[in-house]
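Visitor: Protein sequences, first through last, are from chains E and D.
To get our numbering, take the position in the first sequence, counting from 1, and add 84.
To get our numbering, take the position in the second sequence, counting from 1, and add 84.
Using N, Cα and C, we set each Cβ at its ideal position, and we do this for glycine too.
What follows is a single structure, and I will ask about it in a moment.
Protein chains: 2
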Amino acid sequence: MPMTQPGAEAIAADHAANTAAAKAAAGAAKAENAAAGVIHSRLANGLEIVVIPDRRAPVVTHMIWYRNGSADDPVGKSGIAHFLEHLMFKGTHAHPQGEFSNLVSELGGQENAFTSYDYTAYFQRIGKEHLGTLMEFEADRMINLVLSDEVVGPEREVVLEERRMRTENDPSAQLDEAVQAALFPHHPYGTPIIGWGHEIETLGREDALHYYRRFYTPENAVLIVAGDIDFETARDLAEKSYGRIPARDDAPSRRRPREPEPRAHRLVTLADEKVEQPTQERVFLVPSYTTAAPGEAETLEVLAHVLGGGPSSVLYDQLVVEQKVAVNAGAYYMGSALDDTRFWVYATPAPGVSLERLDDAIGAALDKFAASEIAEADLKRAKNRLVAEAVYAQDSQVSLARWYGESLATGLSVEDVAAWPERIDAVTAADLTAAARKWLQKRRAVTGFLQPEGEDQAGLAA
Amino acid sequence: MPMTQPGAEAIAADHAANTAAAKAAAGAAKAENAAAGVIHSRLANGLEIVVIPDRRAPVVTHMIWYRNGSADDPVGKSGIAHFLEHLMFKGTHAHPQGEFSNLVSELGGQENAFTSYDYTAYFQRIGKEHLGTLMEFEADRMINLVLSDEVVGPEREVVLEERRMRTENDPSAQLDEAVQAALFPHHPYGTPIIGWGHEIETLGREDALHYYRRFYTPENAVLIVAGDIDFETARDLAEKSYGRIPARDDAPSRRRPREPEPRAHRLVTLADEKVEQPTQERVFLVPSYTTAAPGEAETLEVLAHVLGGGPSSVLYDQLVVEQKVAVNAGAYYMGSALDDTRFWVYATPAPGVSLERLDDAIGAALDKFAASEIAEADLKRAKNRLVAEAVYAQDSQVSLARWYGESLATGLSVEDVAAWPERIDAVTAADLTAAARKWLQKRRAVTGFLQPEGEDQAGLAA
Numbered sequence: 085m086p087m088t089q090p091g092a093e094a095i096a097a098d099h100a101a102n103t104a105a106a107k108a109a110a111g112a113a114k115a116e117n118a119a120a121g122v123i124h125s126r127l128a129n130g131l132e133i134v135v136i137p138d139r140r141a142p143v144v145t146h147m148i149w150y151r152n153g154s155a156d157d158p159v160g161k162s163g164i165a166h167f168l169e170h171l172m173f174k175g176t177h178a179h180p181q182g183e184f185s186n187l188v189s190e191l192g193g194q195e196n197a198f199t200s201y202d203y204t205a206y207f208q209r210i211g212k213e214h215l216g217t218l219m220e221f222e223a224d225r226m227i228n229l230v231l232s233d234e235v236v237g238p239e240r241e242v243v244l245e246e247r248r249m250r251t252e253n254d255p256s257a258q259l260d261e262a263v264q265a266a267l268f269p270h271h272p273y274g275t276p277i278i279g280w281g282h283e284i285e286t287l288g289r290e291d292a293l294h295y296y297r298r299f300y301t302p303e304n305a306v307l308i309v310a311g312d313i314d315f316e317t318a319r320d321l322a323e324k325s326y327g328r329i330p331a332r333d334d335a336p337s338r339r340r341p342r343e344p345e346p347r348a349h350r351l352v353t354l355a356d357e358k359v360e361q362p363t364q365e366r367v368f369l370v371p372s373y374t375t376a377a378p379g380e381a382e383t384l385e386v387l388a389h390v391l392g393g394g395p396s397s398v399l400y401d402q403l404v405v406e407q408k409v410a411v412n413a414g415a416y417y418m419g420s421a422l423d424d425t426r427f428w429v430y431a432t433p434a435p436g437v438s439l440e441r442l443d444d445a446i447g448a449a450l451d452k453f454a455a456s457e458i459a460e461a462d463l464k465r466a467k468n469r470l471v472a473e474a475v476y477a478q479d480s481q482v483s484l485a486r487w488y489g490e491s492l493a494t495g496l497s498v499e500d501v502a503a504w505p506e507r508i509d510a511v512t513a514a515d516l517t518a519a520a521r522k523w524l525q526k527r528r529a530v531t532g533f534l535q536p537e538g539e540d541q542a543g544l545a546a
Numbered sequence: 085m086p087m088t089q090p091g092a093e094a095i096a097a098d099h100a101a102n103t104a105a106a107k108a109a110a111g112a113a114k115a116e117n118a119a120a121g122v123i124h125s126r127l128a129n130g131l132e133i134v135v136i137p138d139r140r141a142p143v144v145t146h147m148i149w150y151r152n153g154s155a156d157d158p159v160g161k162s163g164i165a166h167f168l169e170h171l172m173f174k175g176t177h178a179h180p181q182g183e184f185s186n187l188v189s190e191l192g193g194q195e196n197a198f199t200s201y202d203y204t205a206y207f208q209r210i211g212k213e214h215l216g217t218l219m220e221f222e223a224d225r226m227i228n229l230v231l232s233d234e235v236v237g238p239e240r241e242v243v244l245e246e247r248r249m250r251t252e253n254d255p256s257a258q259l260d261e262a263v264q265a266a267l268f269p270h271h272p273y274g275t276p277i278i279g280w281g282h283e284i285e286t287l288g289r290e291d292a293l294h295y296y297r298r299f300y301t302p303e304n305a306v307l308i309v310a311g312d313i314d315f316e317t318a319r320d321l322a323e324k325s326y327g328r329i330p331a332r333d334d335a336p337s338r339r340r341p342r343e344p345e346p347r348a349h350r351l352v353t354l355a356d357e358k359v360e361q362p363t364q365e366r367v368f369l370v371p372s373y374t375t376a377a378p379g380e381a382e383t384l385e386v387l388a389h390v391l392g393g394g395p396s397s398v399l400y401d402q403l404v405v406e407q408k409v410a411v412n413a414g415a416y417y418m419g420s421a422l423d424d425t426r427f428w429v430y431a432t433p434a435p436g437v438s439l440e441r442l443d444d445a446i447g448a449a450l451d452k453f454a455a456s457e458i459a460e461a462d463l464k465r466a467k468n469r470l471v472a473e474a475v476y477a478q479d480s481q482v483s484l485a486r487w488y489g490e491s492l493a494t495g496l497s498v499e500d501v502a503a504w505p506e507r508i509d510a511v512t513a514a515d516l517t518a519a520a521r522k523w524l525q526k527r528r529a530v531t532g533f534l535q536p537e538g539e540d541q542a543g544l545a546a
């Protein structure tokens, strides 16, 4: 979807939001809150601004989203996006290491940062009177980061230790890495966000600075301010801080290959003595909100909810309640992504049930679903619940701000966010069946088996 | 292994070759022919020259090898190395399209070209009196290629049709692509040499010219001349043709990520109605002659020969002769590669034997081999046969020239080629067992199953 054009400042999303709210189902009556009064603008240097009013308490959430994530790591330098996120806390000449975090803490605020495949974001939540100060600090580190070998080296060790803790010692995380790599052999979503260990080891100060200069620019960033503040005030504060950063010639580009059409099913098996509970997952390559044809991503969202969104879902009902081959089963659509993405179906076998038997039962359940059509009333209930859950989550100021940031960082618009409940409501039973037939084909999938050492491990010790 | 240093001209490999020949086993007595009199040199502009005397007939083989293959294709531009190989026949201002090929044909010669993962090569075989003419033409197209949209567009269609013929209509080729992609999710060996169809479609004149200018330089090329010619004559002819091409500042670099250590076995299954004969393959990630520790690649070479080099091999004996679960079985080590490479074990099931059962039998056979040690006499016989086969193949002038070209294009030296029989002879029975235990672990492997539609295809139609 096209971004708002540069120069088209102060586009209010009110109209779209109100239309959506008017049409939204009863369970989604609060949807208008999600977009009411949201204003989208842009500074002269290219920085996008989204202001989301929320007057319930005198606090604000301040977020800067950069449109670069691990999938933009240069070849052979996996992990650099995440490593730089760590290094962004190493200080500037004006504000040496620790000063920013100490300030947030002393003012009673919270802060965090996260790196994903498609973006990197930094945020704080604080009393509204301190917003201008936060912006000064955040704008300062957008352009004035100071990195010495003395801070880069030890921080690389911190990241390597983080990887060891999270992945090297966790068979489940190792399987997940192998499954993603098998699903995305061509596209960089197959590389873990934290990077491959042997490449993290090579990341140095120059790599970090080169990456920083390429991506940390106002044209590449989105400022989200949610809370007890009006648009004009937020914008004036942003002008005084971020507005002083000069624009680059143009926004950095992302160059990503498209995954070829999958032709063969892939089964990834990891056996480890540390595994106590076997698990199964089947991950399908599907379009994202950004790459899908109109309505297709919303259909996949509803499909995941109907198939595996809790105890009343199709898979849970058939596998756990009826057939008793699983103790848990679910589905999840990772719709927010710049490129083609993942649709998970997963289950935990009941005691004594092999992963092969469970996987066959899941295949049969998907076949059965694709051969029938969900009752209209069931579909309506599922859609209402889905939208209601989303609206409930948005009652959190941070969650709502995050939804906008994530959407804008993956190529969607404020209007897309506002109209989401309406588009979910438009999904039909026939859409679901067609989507299951089209996208949940076994050849599009990677199946992952996590099992204790010794099971199904003919051949040398895995 | 280090390349010969620039400036160290006219290094004769005679000594190493004779030493090797002296130590080579009886079956490899002709090994000295492979390297006797081979001279390695370099022009001032960086072009390497290898001259291989072969006086049996008044003909020469002339080859130019460029150190770039499909694994050097830029991200999103897969297939450009192979596409440019096609375009190299489109002519120059001096010699318009068709003139070079017509000349070779009129002079009674043969010509060919090939693109692999690590190199692209062009060769002709012709009466020795025409060598200078060939060099003039080949040197001309190294620097003066003319490409117009009128020739690029139709040739792209030719390549797309080549892909359709070779892959899109052949389930075996599709499985092979999926298996390689699963084995190399990070490294570009996972991308087919011909490229992915959706990326070939985007290749244009500018892509081709940019690639051509980057890689088609004297520093990046190796000239191999084999046949009825002495070094000085070949070198003088090369000086007069290739020697006129100016050097670039430095040789183009190859930037390739290293595959992370595999942790989970991957099974790739392709079912298609066109499949009449099911097949099984298991491909392990192993070091190449270029990346291996000393002696390790030679051990893998012998291991492949012992395990699966014909009807007297371990796998054939156990699976085909004894257990009768297969009608064919073999192994192959693709040792010639710049980066970590593939070791195949493959079999064709006997009628009525499932691929799962066959695969289990192969796993058991590998386990058994890794738990024992081959008899010294058997090993000696295997090594002699392996070297003898290689020497026999080198009796072909083109094969011998190709061996040198391939070796030099993947980072080896003339000395490496000459000493190969000696290094094969040094492999011990203990080496084989250790290599099987270290490298033929199931977690390092991708298994491929090719089967008729309907078998083991629970879930939606693959």
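(1) Ignoring anything shorter than 3 residues, give me the beta strand (DSSP E) runs that lie fully in the segment 275 to 344 of chain E, in order along the chain.
(2) Exposed or buried, which one is E:V405 when buried takes at least 16 other CB atoms within 10 Å?
(3) Under 9 Å Cβ-Cβ, which residues of chain D neighbour E:E365?
(4) Could you say which of E:S337, E:G193 and E:Y488 lies nearest to E:W149 if we only look at CA atoms?
(5) Using only alpha-carbon positions, find the residue among D:I164, D:R289 and D:Y373 that is nearest to D:S232.
(6) Could you give the distance in angstroms between the alpha-carbon of E:N304 and the alpha-carbon of E:G311?
(7) For a contact meaning CB atoms closer than 9 Å, what does D:Q258 contact in chain E?
(8) Candidates D:Y201, D:F173 and D:G211: which alpha carbon is nearest D:E190's?
(9) Mapping the DSSP letters down to three states, classify D:M147 as helix, strand or coil.
(10) Where are the alpha helix (DSSP H) runs, 4 residues long or more, that stay fully inside the segment 357 to 425 of chain D, in chain order?
(11) Could you work out which residue in D:P158, D:E222 and D:S154 is closest to D:S185 when comparing CA atoms only?
(12) Am I right that D:A155 and D:P272 are in contact with their C-beta atoms under 8 Å? What's the rounded C-beta distance?
(13) With contact counted as at least three CB pairs below 8 Å, one residue from each stretch, are the segment 133 to 151 of chain D and the segment 243 to 256 of chain D in contact?
(14) To the nearest angstrom, report how far apart D:A120 and D:N468 are at their CA atoms.
(15) Below 6 Å CB to CB, which residues in the same chain sit around D:V188 once its five sequence neighbours on both sides are set aside?
(16) Under 8 Å, do E:P269 and E:R528 count as touching if we go by C-beta distance?
(17) Grab me the residues of E:R342's own chain with a C-beta within less than 8 Å of its C-beta, minus the 5 sequence neighbours each way, in chain order.
(18) What is the DSSP secondary structure of E:S125, reduced to helix, strand or coil?
(19) Assuming D:V530 contacts D:V352 under a Cβ cut-off of 8 Å, what Cβ separation, rounded to an integer in Å, is found between them?
(20) Name the residues in the segment 279 to 313 of chain E whose C-beta lies less than 9 Å from a C-beta of chain D; which are they?
(21) For D:E382, which of D:E241, D:H170 and D:I508 has the nearest alpha-carbon?
(22) From which residue to which residue does the alpha helix (DSSP H) around E:G216 run?
(23) With burial defined as no fewer than 16 other Cβ atoms inside 10 Å of the residue's Cβ, what is the status of E:R248: buried or exposed?
(24) From D:A421, D:L524, D:G192 and D:E360, pick the residue whose C-alpha is nearest to that of D:L496; which is it?
(25) For a test of the three-state rule: what should DSSP assign to E:A503, helix, strand or coil?
(26) Measure from the C-beta of D:G274 to each C-beta in chain E and report whether the shortest distance is under 8 Å.
(27) Does any residue of chain D have a CB that is nearer than 8 Å to the CB of E:R342?
(28) For E:A205, report the span of its beta strand (DSSP E) as first-last.
(29) DSSP on D:Y430, reduced to helix/strand/coil?
(30) Can you check which of these residues, E:D260, E:E285 and E:G419, is closest to E:G274 by C-alpha distance?
(31) Buried or exposed for E:N152, please, with buried defined as at least 16 other CB atoms from any protein chain shown within 10 angstroms of its CB.
(32) Quickly, what does DSSP pair D:P137 with across the bridge? List them, please.
(33) Looking at the structure shown, is D:G175 part of a helix, part of a strand, or coil, going by DSSP?
(34) Using a Cβ-Cβ distance under 8 Å, would E:G160 count as near chain D?
(35) Taking E:D451 as the reference, which of E:H166, E:T204 and E:A518 has the closest Cα?
(36) What's the gap between the Cα of D:R366 and the Cα of E:M172?
Guide: If we stick to the structure as given:
(1) 305 to 311
(2) exposed
(3) Simply none; closest approach about 12 Å.
(4) E:Y488
(5) D:R289
(6) 23 Å
(7) R347 and A348
(8) D:G211
(9) strand
(10) 380 to 392
(11) D:E222
(12) 4 Å
(13) no
(14) 20 Å
(15) E195 and Q208
(16) no
(17) H270, H271, D423 and D424
(18) strand
(19) 6 Å
(20) W280, G281, H282 and E283
(21) D:I508
(22) L215 to I227
(23) exposed
(24) D:A421
(25) coil
(26) yes
(27) yes
(28) T204 to G211
(29) strand
(30) E:D260
(31) buried
(32) D:G311
(33) strand
(34) yes
(35) E:A518
(36) 45 Å
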